[in-house]
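Below is one structure, written out as structure tokens; comments come after it.
Residue numbers (the working numbering), protein chains in the order written: chain A, 503 to 858; chain B, 74 to 304.
As structure tokens, this is what we get:
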């Protein structure tokens, strides 16, 4: 009965996602901490699925992290976004897709604000013209890149080399899905499944053979908090929120976590390391942490990409226990190599959280 | 209606975020910041709704408005479609514009924060950029983060980035003409002025506190003196 009720609510929050021809913009955080994810995303949609995704070198940050830290006024952020939209139109595109969740939340909010306050849109149009001599043209369709992978989740499943199934037990892997707050908390109708029962990641997990874990703090923020992380003196806020989530999910024994925001996997990965080093507490099995992945990384693993091509060596929490469960073969020697197989000095290893 | 309130309602985030608060406290119940800090978004919204300038000024000069993490969890749950997070953002902007932000410890963090963010955007076109993200300032980046810092070019190249390169791709060099457009946007829309306001007010405050300016900035970034925590 409850499950049927959730299905009904999900059906109210399904969004139409165009099939092809997208203007793609990158994420400051994802390209810095998970560069392999953006490479994998474009390889999957362009080379495996044959879709058209265009990128121009002239696009920039949307300014979102600075705006949410109050380092930029609202009109500055809006004009930077208006410039991004202008670039899209200049290249003949109408569908706009971004890699970042902070960006997606802001693009959604800005379009809604301009619809509600046309005078504000006029003002930004004028700012854009005066500063850049560009014409604002709004996108016809806006998506987050996880919406695209969600749309093609079954095509990915059909090509799967590995599934989210524990090869030792034959049981589905137990997966925590964590949705970035700015995906749909402000505008639930703009995210697949809304804010209460978002389905964008759960849909991927269902298609790829895993089992979604429900736990009390499932919708709690990872703890980024912008200034609460960026300023060194405030970082206790950020870690405490991650700690709250991990304490809440621990009894459900997750095998892995999948996220759609570029910041969340960074914080949930790194704060596990800090918690372990400060207190000795680890949340995974046998002294390991719970590995945290971007949705592109998981799609890549399902499709048979090499883990080190996906950049999983940039995680602090070891991913090998999950790779072993999925039956993915990897070469330990290659993990920390540089370009062209160049041997690099190995990283140091933590005291309390096990690494491979 | 007081003068500060008159300024506040010019902000679109107040128009969008404050319709009619019924003081139910749902926002405070769901708020991650209210659990961690001595913070109560319901009270903040109530003060703004009261239009009482004395209390609004106290907010603008105080610590509370800087506690929010802008996750916007409050928006989903408000039964009247208010957005306390947006109200807080408008208060923070007014606190900066009035120069009141230097009166609180958390407000004074605007100097290091704005410098770092604006410099990243104007110099590189990104909010976060590996060459300015150092393990020494971010020990939580971890030992793999330290390894990435020490082998930056090799690691990014191995993963297919176009690090500081021409053309599109991950961490590409944003062309100079595009960086110039960002600077023009900053000048046109108030970001340049915001940095000036923050520098001017911070210099005066540093003098008042008897601190050399660089020490004032370091203290704002690294130290926390007051008991902000909800315990």
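For each residue, glycine too, the CB sits at the ideal point set by N, CA and C.
Check whether chain A comes within 8 angstroms of residue 257/B, counting only Cβ atoms and requiring the distance to be less than that. yes
Beta-carbon gap between residue 641/A and residue 685/A smaller than 8 angstroms: no
For residue 90/B, does the count of other Cβ atoms within 10 angstroms reach 16, so buried, or fall short, so exposed? buried
Under 7 angstroms between beta-carbons, which chain B residues line up against residue 743/A? List them in chain order, please. 105
Our contact map puts residue 233/B next to residue 537/A with C-beta atoms below 8 angstroms; I'd like the distance itself, whole angstroms only. 7 angstroms
Does DSSP classify residue 718/A as helix, strand or coil? coil
Using a Cβ-Cβ distance cut-off of 8 angstroms, determine whether residue 93/B contacts chain A. no
Of all the CB atoms in chain B, is at least one closer than 8 angstroms to the CB of residue 720/A? no
Closest to residue 557/A by C-alpha separation, out of 705/A, 525/A, 704/A and 792/A, would be which residue? 525/A
Test item: CB-CB of residue 80/B and residue 154/B under 8 angstroms: no
With burial defined as no fewer than 16 other Cβ atoms inside 10 Å of the residue's Cβ, what is the status of residue 83/B: buried or exposed? exposed
Could you name the residues of the same chain whose beta carbon sits closer than 8 angstroms to that of residue 605/A, not counting the 5 residues immediately before and after it, in chain order? 527, 529, 564 and 566
Excluding the 5 residues preceding and the 5 following residue 157/B in the sequence, name in chain order all residues of the same chain whose CB lies nearer than 6 angstroms to its CB. 100, 114, 118 and 147
Among 177/B, 131/B and 109/B, which one has its Cα closest to the Cα of residue 299/B? 177/B
Residues sharing a beta bridge with residue 600/A, DSSP: 527/A and 646/A
Does DSSP put residue 760/A in a helix, a strand or coil? strand
When you compare each of 804/A, 749/A, 756/A and 721/A to residue 766/A by their alpha carbons, which one comes out closest? 721/A
Excluding the 5 residues flanking residue 273/B on each side, which residues of the same chain have their C-beta closer than 8 angstroms to its C-beta? 172
Proximity winner among 824/A, 635/A, 542/A and 548/A, relative to residue 250/B (alpha-carbon distances): 635/A
Tell me the DSSP bridge mates of residue 680/A? 761/A
Which same chain residues, not among the five before or five after residue 96/B, have their C-beta less than 7 angstroms away from its C-beta? 115 and 119
Beta-carbon spacing of residue 779/A, residue 706/A below 8 angstroms: no
Min CB distance residue 798/A to chain B below 8 angstroms: no
Helix, strand or coil: which one does DSSP assign to residue 794/A? strand
Nearest to residue 703/A (by Cα), restricted to the options 725/A, 602/A, 610/A and 680/A: 680/A
Going along the region 580 to 605 of chain A in order, which residues come within less than 7 angstroms of chain B, judged by CB to CB distance? 581, 582 and 585
My understanding is that residue 758/A touches residue 675/A, with C-beta atoms under 8 angstroms, so please give their C-beta distance in whole angstroms. 6 angstroms
Chain A beta carbons: is any one of them nearer than 8 angstroms to that of residue 217/B? yes
Span separating the alpha-carbon of residue 215/B from that of residue 75/B: 49 angstroms
Is any beta-carbon of chain B found at less than 8 angstroms from that of residue 732/A? yes
Which residues in chain B have a C-beta closer than 8 angstroms to the C-beta of residue 859/A? List them in chain order. Nothing in the structure corresponds to residue 859/A, since chain A is present only between 503 and 858.
Quick check: the region 687 to 694 of chain A against the region 567 to 586 of chain A, are at least 3 beta-carbon pairs closer than 8 angstroms? no
Residue 275/B to residue 286/B, Cα distance in whole Å? 8 angstroms
Chain A within 8 angstroms of residue 230/B, Cβ atoms only: yes
Chain B within 8 angstroms of residue 574/A, Cβ atoms only: yes
Which full runs of the alpha helix (DSSP H) of 4+ residues lie inside the region 828 to 853 of chain A, going along the chain? none
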